[in-house]
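Novice:
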Amino acid sequence: SHNSLESLERIQAPTFVIGGEQDQVLGFEPSLELAERIPNAMLKCYSQWGHSLYEEEKGFNQTVLDFLREE
399 SHNSLESLER IQAPTFVIGG EQDQVLGFEP SLELAERIPN AMLKCYSQWG HSLYEEEKGF
459 NQTVLDFLRE E
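If you're matching positions, the sequence shown starts at 399 in this note's numbering and goes up one per residue.
Below, the structure written as structure tokens:
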């Protein structure tokens with residue numbers, strides 16, 4: 399099987415990882431792992447969010463816009 403985790407360290411683009419601590423599908427650990435493996439990645443954790451970040455669309459959209467403005 400293909401394991402893309404090994405290539406994450408080669409990502410050079412600004413990367414924003416958003417995760418919800420209440421994610422019942424994958425859990426929060428994959429978000430942490432992505433942020434740790436991608437150089438200079440920014441991790442935003444939401445304690446009350448789950449897997450479907452679109453359910454918090456206003457907060458999600460604002461978070462992404464803030465990241466894009468910084469870059």
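Note that CB positions come from ideal geometry on N, CA and C, so glycine has one too. Quantities reported herein were computed from a predicted structural model and do not represent experimental measurements.
Using 8 Å as the Cβ pair cut-off and three pairs as the minimum, do the segment 410 to 417 and the segment 437 to 445 touch?
Specialist: Short answer: they touch.
Novice: My output table needs one value for F465: the three-state DSSP class, helix, strand or coil.
Specialist: Counting from one through the sequence shown, the residue named residue 465 turns up at place 67. Helix.
Novice: By the 10 Å Cβ neighbour count, where 16 or more other Cβ atoms means buried, how is S450 classified, buried or exposed?
Specialist: Here residue 450 corresponds to residue number 52 of the sequence shown, with the count starting at 1. Label assigned to S450: exposed.
Novice: Cutting at 7 Å between CB atoms, please list the residues of its own chain near D508, excluding the five before and the five after it.
Specialist: The displayed coordinates of the chain run from 399 to 469. Any statement about residue 508 would go beyond what the structure contains.
Novice: What are the start and end residues of the alpha helix (DSSP H) that includes L430?
Specialist: Working through the sequence shown from its first residue, we reach residue 430 at position 32. From DSSP, the alpha helix (DSSP H) with L430 extends over 427 to 435.
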